[in-house]
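A.B. asks: Protein chains in written order, with the working numbering: chain D, 1 to 380; chain L, 1001 to 1171; chain V, 2001 to 2427.
(1) Go to residue 76 of chain D, then tell me how far its alpha helix (DSSP H) extends in each direction, as first and last residue.
(2) From residue 298 of chain D to residue 376 of chain D, what distance separates their C-alpha atoms?
(3) Based on Cα-Cα distance, which residue from D:378, D:144, D:374, D:365 lies nearest to residue 119 of chain D?
(4) Can you check which of these residues, V:2401, V:2257, V:2029, is closest to residue 245 of chain D by C-alpha distance?
(5) Exposed or buried, residue 292 of chain D, counting other C-beta atoms within 10 Å across all chains shown (16 or more means buried)?
(6) Going by DSSP in three states, residue 238 of chain D sits in which element: helix, strand or coil?
(7) For residue 20 of chain D, which residues in the same chain have their Cβ closer than 6 Å to its Cβ, ignoring the five residues on either side in sequence?
(8) Are the Cβ atoms of residue 145 of chain D and residue 172 of chain D separated by less than 8 Å?
(9) Do we get a CB-CB distance below 8 Å when we pair residue 68 of chain D with the residues of chain L?
(10) At a Cβ threshold of 8 Å, is residue 162 of chain D touching chain L?
(11) Tell me where the beta strand (DSSP E) around residue 286 of chain D begins and ends.
(12) Taking residue 2297 of chain V and residue 2202 of chain V to be in contact with their CB atoms under 8 Å, please state how far apart those CB atoms are, rounded to whole angstroms.
(13) Note down, in chain order, all residues in the stretch 317–340 of chain D with a beta-carbon under 8 Å from any beta-carbon belonging to chain L.
(14) Using a C-beta cutoff of 8 Å, does residue 1007 of chain L count as contacting chain D?
(15) From residue 2015 of chain V to residue 2149 of chain V, what distance separates their C-alpha atoms?
(16) Checking contacts by CB at 8 Å: is residue 1035 of chain L closer than that to chain V?
(17) For the stretch 86–94 of chain D against the stretch 183–196 of chain D, do three or more pairs of beta-carbon atoms, one drawn from each stretch, fall closer than 8 Å, so that the two count as touching?
(18) Nearest chain V C-beta to residue 292 of chain D closer than 8 Å, yes or no?
(19) So which residues of chain D does residue 1140 of chain L contact, with C-beta pairs closer than 7 Å?
(20) Counting only C-beta atoms, is residue 381 of chain D closer than 8 Å to chain L at any point?
(21) Should residue 1057 of chain L be flagged as near chain V, meaning a C-beta pair shorter than 8 Å?
(22) Going along chain D in order, which residues have a C-beta closer than 9 Å to the C-beta of residue 1032 of chain L?
(23) In this structure, does DSSP put residue 43 of chain D in helix, strand or coil?
(24) What are the boundary residues of the alpha helix (DSSP H) that residue 1111 of chain L is part of?
(25) Straight-line CA distance for residue 2322 of chain V to residue 2079 of chain V?
(26) If you count every other CB in all the chains shown that lies within 10 Å of the CB of residue 2254 of chain V, and 16 or more means buried, which is it?
(27) Cβ of residue 126 of chain D less than 8 Å from any chain V Cβ?
(28) If residue 1087 of chain L sits next to residue 1031 of chain L, beta carbons under 8 Å apart, how far is it from one beta carbon to the other, in whole angstroms?
(29) If you compare alpha carbons, which of V:2368, V:2340, V:2388, V:2266 is closest to residue 2186 of chain V?
(30) Can you list, in chain order, the residues of its chain whose CB lies under 7 Å from that of residue 275 of chain D, leaving out five sequence neighbours each side?
(31) Taking residue 1071 of chain L as part of the alpha helix (DSSP H), name the residues at either end of that continuous run.
(32) According to the neighbour-count rule (16 or more other Cβ atoms, all chains shown, within 10 Å of its Cβ), is residue 2304 of chain V buried or exposed?
(33) Quick one: what's got a C-beta closer than 7 Å to residue 2259 of chain V's C-beta in the same chain, skipping five residues either side?
(34) Would you tell me roughly how many angstroms separate the C-alpha atoms of residue 327 of chain D and residue 1072 of chain L, rounded to the nearest one?
(35) Skipping 5 residues on each side, what residues in its chain have a beta carbon closer than 8 Å to that of residue 48 of chain D?
(36) Does residue 38 of chain D come out as helix, strand or coil in the three-state DSSP assignment?
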């Protein structure tokens, strides 16, 4: 006799230990198997795109911290690059190097979170994430030294960075960077070689390169599927063309590969920062245009408002989560006419439904963890 | 460096295949007719020399009398990028064809544009609000969402720190 | 062990109790009074010991895991945070025990109570020292297996009565797991029983003492299987699937709060102590330690071994991720059970040979130990290879580093090599 069963709906989130914020997955389950998945987002929607239309270009920089709050530096960078593209400002050399140092440190810190939390999603009882936090603290200390803030840095300015790093930054950065490769060995041994993590993540959530490109996935999601695409290489901004680093790609396109790519990228980030610390020149950190409009008598600093010509620009950078793009339309007024954030976390969720259907609840959590979402960036 | 394919170049390539599709072209972008959009997009994706298989970004812009849908395209194999635009003339009830059939990456982005700007994408498989709840009044990214008393509108009237100037919005 | 039988001889706590009981008997009265009193004393003693151990081990676990996680752990309440468990317990007592409106109230109430009982009752048969067991049952091993199975019912009751989907999922998982691992547990213990020739736990310890060996030296596979099965039984990582925090919030006790949650929390510790006690008794020589029991009270040896086994559970919790339910079930049915069948066969044959041939134990047992260890290693590696667990698809790998922009390194499941399938075309 066939047993009468009926599917039931489970809301994973918005209050759930492993939705990385207030993300909600509505899963229709048949036993443990997922037969339908839907995502409900918007719990953190602040309508930044609207708010930004009410504020001057410089005033908008703090918003970019708060989209991807785990990688504030890259958020800043993407926005100021788009505005600079629109205005045709070329920041001074030192500022560019500082931007690269900061965004690579930020990438390392962000990937630490992603990797640690992914291990948590695989069921470790907080141990990797706590170890990752130990290293992340050191990087946040560096940020604090450079700009006074740890999480929402607000460091980049249109035409430079907010201030030069203090003299004690360099030795401290060297010290941190020397220590990190050892930690990386530790993580790779602890996590990549872990039998249970392999069992949980290999072959789960497989994305072929065709699907990944079709779904506009970017960052480790795309590279995990084996597509060697990195905007730092493809469209080098700042001084990435002077630096030596590799694109890290996976071969299977599963959750494990995305995890793997993040770990490998962390090593590349260390390598990049090492080179930057060697090669960074002395000099000003604000461009001529911005220092000229600084307040008389005060130290050179970025101005509160700049006049942006009418036009539009789309600036893209490789944030830790993928292609972070800012599309800015200006009508020549003090505030952007249209301010659009192409957020990688959001678009990387496109294949979530297809990946989740047919798997189990436990797998869905692993898949979500491998996408590495930041809800602030999804909802904006 | 990602090569930026100029709008003129793109228009020239489009002209022989789809003669009446292009409306306007500038060095930065090319604008196509909404009713030919799907054909243009399919051509851009499938043409081996263009190979724009990656839809970077899709968004809408409210130009007060009409809406503009902006597509930023990227070709991974050729490392080139371009910008495509289309125009929705009816400002009260803007409609544009959905490109989900061409790029699946448009799925969430079109839902976002629908939610915040109210552009209806014809042929979208699941066009629902995404950030705001069903029943939310209006579409907040429209310039006329919440008109203030006295005809004020959203936007910054003058530069911060600049003396003088009205405090009203640019009505 | 020379029996002094003085009440102050702490090597056997039963001496003091016995003296007390003799005194009661001398007072006269019906015969059942000393019997009941002895039982009561045992119960109170075990409960007190459990409570103290639990409080101590909550602190130890949190400190140890804190150290494993590169942090300090609780250190604010009392010296070194020692009073933290007491503060936690007080908090649990004072908190409101919320009952969900749609919960099945009698069952919701029954769940935490029922889960508590088996965890406690198991201690009745565990010998803390020579003759120091509350009820020296002649079917002790069977009793242990039977009683710990009741857990499944309690978990299902609480999961079902909560009227919460996470709880229901958790209890479904728990049932599936417990049923699968019950067999493993039984088979693991069967090997021990075959060797010792008795189901009485005291006899098994005595057997180990007599032949100067610990059972795990003779049957490593049984120990491994039993440890894994008990980790499942007590929901310890990496088998904490039924309360998987990252998936189903807290599993079957999602809806419980206040002291009802405290019951689950305590029962988890008690059950962990119980299985540690069983492991120590059956595999690690119980209260004996190769002659050390002459000098140190046997119950102290037993307890230190028990705490060491418990530490193992803390350790795995601090280090291992969690398996998926189907992987865990497959591990039971497709891996452990098969190996245990072979193990039982071999062990049975060994006992047969030993008893039929009447060989001296000093000769036979080392040979058996060597055979069983080799067999265990060979079986585990061999079976893992056979099941494909060592194939490259299930091994660790590293990312491919490339400079070739736009190339695709995706390798379909049946492909080979990390070569780009479509190199960058020149634009």
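Yeah, the Cβ is synthetic: ideal placement off N, Cα and C, and Gly gets one too.
C.D. replies: A quick look at the data gives this:
(1) 72–87
(2) Low confidence applies here, because residue 298 of chain D scores a pLDDT of 49, under 50, leaving its location unreliable and the question unanswered by this model.
(3) With distances taken between Cα atoms, residue 119 of chain D lies closest to D:365.
(4) Scanning V:2401, V:2257, V:2029 for the CA closest to the CA of residue 245 of chain D turns up V:2401.
(5) For residue 292 of chain D, the pLDDT reaches just 49, beneath the cut-off of 50, and the residue's location in the model is therefore unreliable, although a value from the coordinates is still provided. Exposed is the call here.
(6) coil
(7) 373
(8) yes
(9) no
(10) Not one chain L Cβ lies under 8 Å of residue 162 of chain D.
(11) No beta strand (DSSP E) holds residue 286 of chain D; DSSP gives it neither H nor E.
(12) That pair is no contact at about 16 Å.
(13) 323, 325, 327, 329, 333, 334, 335, 337, 338, 340
(14) no
(15) Between residue 2015 of chain V and residue 2149 of chain V, the C-alpha separation is close to 34 Å.
(16) Contact of residue 1035 of chain L with chain V is not assigned, every C-beta pair being separated by 8 Å or more.
(17) no
(18) Confidence at residue 292 of chain D is low in this model, with a pLDDT of 49, below 50, so the placement of that residue should be treated as unreliable; the coordinate-derived value is given next. Chain V has no Cβ within less than 8 Å of the Cβ of residue 292 of chain D.
(19) Neighbours of residue 1140 of chain L in chain D, taken as residues whose beta carbon is under 7 Å from its own, are 47, 50 in chain order.
(20) With chain D covering only 1 through 380, there is no way to say anything about residue 381 of chain D.
(21) no
(22) In chain order: nothing, as chain D lies at least about 17 Å away.
(23) For residue 43 of chain D, the three-state secondary structure derived from DSSP is coil.
(24) 1106–1117
(25) Between residue 2322 of chain V and residue 2079 of chain V, the C-alpha separation is close to 34 Å.
(26) buried
(27) yes
(28) Right, the Cβ-Cβ distance comes to about 6 Å (below 8 Å), so this counts as a contact.
(29) V:2340
(30) 243, 244
(31) That residue, residue 1071 of chain L, is in no alpha helix (DSSP H); its beta strand (DSSP E) goes 1067–1075.
(32) exposed
(33) 2092, 2093, 2097
(34) 9 Å
(35) 63, 66, 67, 339, 341, 380
(36) Secondary structure of residue 38 of chain D (DSSP, three-state): strand.
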